[in-house]
Amino acid sequence: MTARFRIGIDIGGTKIEGAAVDTSGSVRFRRRVVTPAQDYRATIDAIIALIRTVEQEIGVAAPVGIGIPGALSSTTGLVKNANSTWLIGRPLQRDIETALGRPTRLANDANCFALSEATDGAGSAAETVFGVILGTGVGGGISIRRQILAGANAIAGEGGHNTLPWPTAGEVPGPPCWCGRSGCLETFLSGPALAMDHNRHGGQKLSAPDIAEAAAAGDPECRATLERYMDRLARGLASVINLIDPGAIVLGGGLSGISALYERVPRLWTRYVFSDRVTTPLLPPVHGASSGVRSAAWLWPPDETA
C-alpha cells in the first residue's frame, strides 16, 4: 500500500472528521459527519463509511490513523476514559480493523492535537507543548521535543478529570461528571459546561458560541458568564504551568475560537502561577480544526506502509 496519502480520522462527541493528508502534511480532502451518539455499532459504520469516502476521493487505499476521545487500555486493549461513553469498554480498534480489513492505528485525540501543533503549528518553537481540547469534553496532551508523552497509564496530560483548582464556595462540590465524580475541570470548561453555567446563573439557554458572541457585543450576563469561564480556565492552566512549565499552551476544540481567551486568560493566570513572571504564551491553533486529523494521519510515518 502506497504511503503517498494517509487518512486521519478524528472522533468527536458531536462530529467525526476524516481527511486525506499528503506527505507534506497538507490536507487534500476533508469531510465531516455527525457522530451517532450513544450507538457504538453506528459509530463503527460511520467511521468505515467516512474512510471509504476519503479513499474514493483520492483514488487509493491508504494507511488509517484515528484520534479517539479516550485511550486504549494497555491491559485489555479496550477503550477507557472516553467522554463519548458508549465507546468505553469496547474493542474499538479490533472492530474497525475487522470492518476495514486492514490494520489501523489509534491514539488519544488530545495527544494527536498536541503533536500536530508542536510539529509545525503554533507550538513549533517550544520544546514542551501542552495542547488542550475545549469542546464537548476537555482533553489534554503533552509533546516534548515533538514526541508525545503518553505516560505509564496512557493518561499523561489528561487534567480534565482533576478538580477545579482554588475553588470558591459556590464551586464546591461542583457539577456531577460522567466519570462518577463532581467538580471535574470538564464540568466547568467544556462547551456544554459553559452553556449550563450561563443557564444556572439566570441566563437564557444559549450555546457556548452564542454566549461568546453576545459577550463580545456587550451583553452583561454573557460577559459575566465568559469572565467566570476565563478565570476557571486560567486556574486550570495555571496548575499545568506549575506542574510541567510548558514552553507553549495551545488551545483546540470549538471554544478555541473565542478570541478573548488569548488576551484575558494569561492576565488572570498570573494570580495562580508560582512564579514572579510567566512567559508561557497561550496560543490559538495554526491548523485549527485540521490539527486532529493531520496528526492522526501521522500515526503512520510517510515512509511506512500498512
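Numbered per this note's numbering, the sequence shown spans residues 328 to 633.
We put the CB at the ideal spot given by N, CA and C, even for glycine.
Coarse secondary structure for residue i, derived from DSSP in three states
{"i": "T490", "result": "strand"}
{"i": "S517", "result": "coil"}
{"i": "I374", "result": "helix"}
{"i": "T329", "result": "Per-residue confidence for T329 stands at a pLDDT of 45, beneath the threshold of 50, marking its modelled position as unreliable; the derived number appears in the next sentence. If DSSP states are grouped into helix, strand and coil, T329 belongs with coil."}
{"i": "S443", "result": "helix"}
{"i": "G563", "result": "helix"}
{"i": "I334", "result": "strand"}
{"i": "M502", "result": "Sequence inspection shows Pro at residue 502; the Met mentioned does not correspond to that position. In this structure, P502 counts as coil in the three-state DSSP scheme."}
{"i": "E485", "result": "coil"}
{"i": "T552", "result": "helix"}
{"i": "N480", "result": "coil"}
{"i": "P573", "result": "coil"}
{"i": "D537", "result": "helix"}
{"i": "A496", "result": "helix"}
{"i": "D558", "result": "helix"}
{"i": "A542", "result": "helix"}
{"i": "H528", "result": "coil"}
{"i": "I568", "result": "helix"}
Residue i vs residue j beta-carbon contact at 7 Å
{"i": "T370", "j": "W505", "result": "no"}
{"i": "V354", "j": "S618", "result": "no"}
{"i": "A346", "j": "V620", "result": "yes"}
{"i": "G487", "j": "L461", "result": "no"}
{"i": "A575", "j": "V459", "result": "no"}
{"i": "L626", "j": "R432", "result": "yes"}
{"i": "A539", "j": "W596", "result": "no"}
{"i": "V406", "j": "R417", "result": "yes"}
{"i": "P519", "j": "G510", "result": "no"}
{"i": "P502", "j": "T514", "result": "yes"}
{"i": "C439", "j": "G394", "result": "yes"}
{"i": "H525", "j": "T495", "result": "no"}
{"i": "A409", "j": "G397", "result": "yes"}
{"i": "A492", "j": "S566", "result": "According to the sequence shown, residue 492 is Pro rather than Ala. Contact: yes."}
{"i": "A437", "j": "G467", "result": "yes"}
{"i": "G335", "j": "G392", "result": "yes"}
{"i": "S443", "j": "S583", "result": "no"}
{"i": "R550", "j": "A544", "result": "no"}
CB-CB length for residue i against residue j, believed under 8 Å
{"i": "G450", "j": "L610", "result": "7 Å"}
{"i": "V356", "j": "I375", "result": "The question names Val, yet the displayed sequence has Phe at residue 356. The pair is not a contact, with the Cβ atoms about 17 Å apart (cut-off 8 Å)."}
{"i": "M557", "j": "R527", "result": "In fact, because the Cβ distance is near 17 Å, the residues do not count as touching under 8 Å."}
{"i": "I343", "j": "L399", "result": "In fact, because the Cβ distance is near 18 Å, the residues do not count as touching under 8 Å."}
{"i": "I469", "j": "A441", "result": "6 Å"}
{"i": "R333", "j": "P390", "result": "5 Å"}
{"i": "S517", "j": "G464", "result": "5 Å"}
{"i": "V381", "j": "A624", "result": "In fact, because the Cβ distance is near 10 Å, the residues do not count as touching under 8 Å."}
{"i": "G530", "j": "E548", "result": "5 Å"}
{"i": "N569", "j": "V600", "result": "6 Å"}
{"i": "G352", "j": "D447", "result": "6 Å"}
{"i": "A522", "j": "S401", "result": "Between S401 and A522 the Cβ distance is about 35 Å, and since that is not below 8 Å, they are no contact."}
{"i": "R379", "j": "T350", "result": "So it is not a contact: roughly 22 Å between Cβ atoms."}
{"i": "I475", "j": "E454", "result": "Not confirmed; about 14 Å, so no contact."}
Per DSSP, cross-strand counterpart(s) of residue i
{"i": "S509", "result": "P503"}
CB contact below 7 Å: residue i versus chain C
{"i": "T597", "result": "No chain C is part of this structure, which consists of one protein chain only."}
Quick one: complete beta strand (DSSP E) runs, 3+ long, within the segment 575 to 633? 575 to 579
Alpha helix (DSSP H) runs contained entirely in the segment 336 to 409, provided each spans 4 or more residues: 367 to 385
In chain order, what are the residue ranges of uninterrupted alpha helix (DSSP H) at least 4 long that sit wholly in the segment 407 to 478? As far as the segment 407 to 478 is concerned, its whole alpha helix (DSSP H) runs of at least 4 residues are 419 to 427 and 436 to 447.
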